[in-house]
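In what follows, a single structure is set out as structure tokens and then discussed.
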Amino acid sequence: CRVRHYNFNVVMKNATRLCASKPIVTVNGKFPGPTLYAREDDTVLVRVVNHVKYNISIHWHGIRQLRTGWADGPAYITQCPIQPGKNYVYNFTITGQRGTLWWHAHILWLRATVHGAIVILPKRGIPYPFPKPDKEVVVILGEWWKSDTEAVINQAMKSGLAPNVSDAHTINGHPGPISSCSGKASSQGGFSLQVETGKTYMLRIISAALNEELFFKIARHNLTVVEVDAIYTKPFKTDTLLITPGQTTNVLLTADRGPGKYLVAASSFMDSPIAVDNVTATATVHYSGTLATSRTTLTNPPAQNATPVAANFINSLLSLNSKKYPAKVPLTTDHSLFFAIGLGINPCATCSNGSRVVADINNVSFVMPTTSLLQAHFFNISGVFTDDFPAKPPISFNYTGTPPTNMATTNGTRLYRLAYNSTVQVVLQDTGIIAPENHPIHLHGFNFFQVGRGLGNFNAKKDPKKFNLVDPIERNTIGVPSGGWNAIRFRADNPGVWFMHCHLEVHTTWGLKMAFVVDNGKGPNESLLPPPSDLPTC
Ligand code: C2O
23 CRVRHYNFNV
33 VMKNATRLCA
43 SKPIVTVNGK
53 FPGPTLYARE
63 DDTVLVRVVN
73 HVKYNISIHW
83 HGIRQLRTGW
93 ADGPAYITQC
103 PIQPGKNYVY
113 NFTITGQRGT
123 LWWHAHILWL
133 RATVHGAIVI
143 LPKRGIPYPF
153 PKPDKEVVVI
163 LGEWWKSDTE
173 AVINQAMKSG
183 LAPNVSDAHT
193 INGHPGPISS
203 CSGKASSQGG
213 FSLQVETGKT
223 YMLRIISAAL
233 NEELFFKIAR
243 HNLTVVEVDA
253 IYTKPFKTDT
263 LLITPGQTTN
273 VLLTADRGPG
283 KYLVAASSFM
293 DSPIAVDNVT
303 ATATVHYSGT
313 LATSRTTLTN
323 PPAQNATPVA
333 ANFINSLLSL
343 NSKKYPAKVP
353 LTTDHSLFFA
363 IGLGINPCAT
373 CSNGSRVVAD
383 INNVSFVMPT
393 TSLLQAHFFN
403 ISGVFTDDFP
413 AKPPISFNYT
423 GTPPTNMATT
433 NGTRLYRLAY
443 NSTVQVVLQD
453 TGIIAPENHP
463 IHLHGFNFFQ
473 VGRGLGNFNA
483 KKDPKKFNLV
493 DPIERNTIGV
503 PSGGWNAIRF
513 RADNPGVWFM
523 HCHLEVHTTW
533 GLKMAFVVDN
543 GKGPNESLLP
553 PPSDLPTC
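Using the UniProt record's numbering, you'd call the opening residue of the sequence shown number 23 and step up by one each time.
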């Protein structure tokens, strides 16, 4: 293993999309940002220098950060942000992970343009557990706003409603070739994947979208899923992928069609009735030997509310669970938590209609502290957080039915404390308080197993009997179905403070977040390391 050094200069850059230019925050002037390459077991040092007027912090989404929470990156959770003119070196070792992950800004909505891929190759000499592809390509899905993201957040905060619907989806930074400037996409080129007949390509697909889950499809081609969130899966073939913000998926694409151009489409999946977004980002798969006059073969993206297509995809995902890559599912649960997650409406004196939308877990809408939680934990600074996050909702009700009237949301910076190495089960129950909506829940510091999933209310007696404790999918971000639930399990083997939140940026902003505090163990390698000397101050 070796040490890899990267320099990330955070700089403004003008970008033109949808026939208009605007300055955006970037790393090294690139959008999407540079790809970080490493091998399993490597140590990575990324020096981030902030040259813009905004506070910044970078999160290495999915990297376990064993004992190095100081390098995790969420602002005010594990570090104070890097202020304008300042810098910070993120120093971490990649342990027991290989595949595709990604990095992104973790403050306000800056991740809209500040993000890039992390490619973790297996240790030298260790092959993939599937046939080696001829070529590997990073494919990043994202969203684009014509206005400043700052203006978009402010509006979302005020009214609590749209404009969180973007003006375009993007594939590797572009809305794509099928488009018009007056509509929602542009004609300014698009990503084109050049292929040769007979060869196999591994697409490392990342969803950097802010507020929507996406379907991904390539005209007349099947995709073989081999890995998600840097965990190998049992390979399976599909013509449509579902990918939520935060997730990554590696697929094999065999160029088994004749010369031609084939459309790639990324379209929104949202079975909530409130947000309507039928914008499709496009790209092309371009076979060598294609005539210049050849037309692009189109594909029909699934309907925006194609829940069966989504469910079919999710239900096909299983861990590889081979001898070399066993699924280590916790069979016991020291902590059994029930989190009702959803949206609510709170009174608001300064809002135009007297109320605003909030989001919460167990009726707690999370309040961001003004100093980092990890520092408060490590240095025993009192008054920053409490560790009384409720293990279940204050009152139980029919979560997918009509909510009771006394459901006012409380505000607080409340954490849930876990003993080192304890086993944890969290049932994430989506509530239908405002509208049923999917929530891609992301946990920092751990991978978890999705041991169960269902529609309606979780049944604590019957549902656990059907849990898959053998080869459930293991990942770091999971889509909790609209009007349904997911059960996840993990082992708290990483001391520190770990954020858990909805990866729809608008829901995070509204408070759909909490954090776990994991105490040190007693063994020699079971405690959080001390902070680096250049850790930013607030
Ligand atoms: Cu990808 Cu807390 O984030």
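Note that the Cβ used here is the ideal one computed from N, Cα and C, for glycine as well.
Item                                                                                                                                                                     : Value
Pop quiz: P45 and K52 are said to be a contact at Cβ under 8 Å. What is the actual Cβ separation, rounded to whole angstroms?                                            : Contact doesn't hold; Cβ gap of about 14 Å is too wide.
In terms of residues, what are the limits of the alpha helix (DSSP H) holding S338?                                                                                      : 329-338
Which class does N36 belong to by DSSP, given the choice of helix, strand or coil?                                                                                       : strand
Just the Cα atoms here: how many angstroms apart are P103 and I265?                                                                                                      : 29 Å
In terms of residue numbering, what span does the beta strand (DSSP E) encompassing L551 cover?                                                                          : No beta strand (DSSP E) contains L551, which DSSP labels as neither H nor E.
What residue from T355, G91, E235, H461 has the CA that sits closest to W532's CA?                                                                                       : H461
Pull up the distance between the alpha-carbon of A362 and that of T318, whole angstroms please.                                                                          : 46 Å
Under 8 Å, do G107 and W124 count as touching if we go by C-beta distance?                                                                                               : no
Under 8 Å, do I463 and I495 count as touching if we go by C-beta distance?                                                                                               : no
Which first and last residues belong to the beta strand (DSSP E) in which Q472 is found?                                                                                 : 470-477
Tell me whether F521 counts as near the ligand C2O, meaning its Cβ is closer than 7 Å to at least one heavy atom of that ligand.                                         : yes
With a threshold of 7 Å (Cβ to nearest heavy atom), would G268 be considered close to the ligand GTP?                                                                    : The model on display carries the ligand C2O but not the ligand GTP.
Assuming V250 contacts T271 (C-beta within less than 8 Å), just tell me the rounded distance between them.                                                               : 5 Å
Between the stretch 510-523 and the stretch 390-399, do three or more beta carbon pairs fall short of 8 Å?                                                               : yes
Ends of the beta strand (DSSP E) at V448?                                                                                                                                : 445-452
Around the C-beta of W366, are 16 or more other C-beta atoms found within 10 angstroms, so that it is buried, or is it exposed?                                          : For the record, residue 366 in the displayed sequence is Gly; it is not Trp. With 16 or more other Cβ atoms within 10 Å, it is buried.
Cβ of G212 within 8 Å of Cβ of P54?                                                                                                                                      : no
Output the distance between the C-alpha atoms of V136 and A230, rounded to the nearest integer angstrom.                                                                 : 9 Å
With burial defined as no fewer than 16 other Cβ atoms inside 10 Å of the residue's Cβ, what is the status of R24: buried or exposed?                                    : exposed
Does the ligand C2O have a heavy atom nearer than 7 Å to the CB of P56?                                                                                                  : no
DSSP has D410 in a bridge; who is on the other side?                                                                                                                     : Y438
Checking the sheet assignment: what are the DSSP bridge partners for D382?                                                                                               : G364
Considering only their Cβ atoms, is the gap separating P416 from N385 smaller than 8 Å?                                                                                  : yes
Please say whether D541 and A441 have beta carbons closer to each other than 8 Å?                                                                                        : yes
Excluding the 5 residues preceding and the 5 following C370 in the sequence, name in chain order all residues of the same chain whose CB lies nearer than 6 Å to its CB. : S377, R378
Taking the alpha helix (DSSP H) that A398 falls in, what are its first and last residues?                                                                                : 395-400
From E548 to R89, what distance separates their C-alpha atoms?                                                                                                           : 8 Å
In angstroms, rounded to a whole number, what distance separates the CA positions of Y28 and Y421?                                                                       : 47 Å
Name the residue from C373, L534, G280 whose alpha carbon lies nearest to the alpha carbon of V307.                                                                      : G280
Taking 8 Å as the threshold, find out whether the stretch 60-69 comes into contact with the stretch 139-147 through three or more Cβ pairs.                              : yes
Hey, could you find the ends of the beta strand (DSSP E) V217 is sitting in?                                                                                             : 214-217
Once the 5 residues before and after residue 6 are set aside, which same chain residues still bring their CB inside 6 Å of it?                                           : Nothing can be reported for residue 6: it is not among the residues displayed for the chain, which extend from 23 to 560.
Tell me whether the beta-carbon of P257 lies closer than 8 Å to the beta-carbon of F152.                                                                                 : yes
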